[in-house]
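Asks:
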Amino acid sequence: LVVDDEVALRQILVRQLRSEGYTVLEAGYGLEALELARNSPEPIDLVLSDIVMPGMIGTELAQRLLAEHPDIQVVLMSAHVVDELARPDRRWNVPVLRKPFEGGKMLAMVQLMLNAPRSRYRALP
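Shown next as structure tokens:
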């Protein structure tokens, strides 16, 4: 599930993932992503979400998705300073892709996360 309010970037990411054979859902904002996850006939394995979006930031989206679907893997993306999210004493221990990034880096991260143990990256209580 790709979540980004920037339509052009979201379309590029979706196109890259589909060209690698992934089934991809897309959403422009958090509430839309939550609805897609709730109504998807197939389980969602991974969420690739922007952090800074109107209405609901990516960390809140991830937390809500994980509460409902604990096996989802999460990768956050941002062009803003995100070092705070990766600190071990923070609530979040999820990988963050710094925008702009090359498509190959995104695809490598997706593959890594899909192969990672499900408990490795989590929103901590």
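Read in my numbering, the sequence shown has 124 at position 123, and its numbers run on one by one without any break. A virtual CB, placed ideally from N, CA and C, is assigned to each residue, including glycine. As the structure is a computational prediction, the values presented were derived from the model and not from experiment.
#1: With a threshold of 16 other CB atoms inside 10 Å of the CB of residue 11, please say whether the residue is buried or exposed.
#2: Near residue 41, what residues of its chain come up, given a Cβ to Cβ distance below 7 angstroms and the 5 sequence neighbours on each side ignored?
#3: For residue 117, collect the residues of the same chain with a Cβ closer than 7 angstroms to its Cβ; drop the 5 residues on either side in sequence, then sort them by chain order.
#4: Using only the alpha-carbon positions, how far apart do residue 31 and residue 59 sit?
#5: So residue 35 and residue 76 are in contact, right, with Cβ under 8 angstroms, and what is the actual spacing, rounded?
#6: By DSSP, does residue 107 sit in helix, in strand, or in coil?
#7: Who are the Cβ neighbours of residue 28 in its own chain at under 6 angstroms, not counting the five residues just before and after it?
Replies: Reading off the structure:
#1: buried
#2: 26
#3: 74
#4: 7 angstroms
#5: Actually they are not in contact, since the Cβ atoms of residue 35 and residue 76 sit about 17 angstroms apart, beyond 8 angstroms.
#6: helix
#7: 4, 34 and 37
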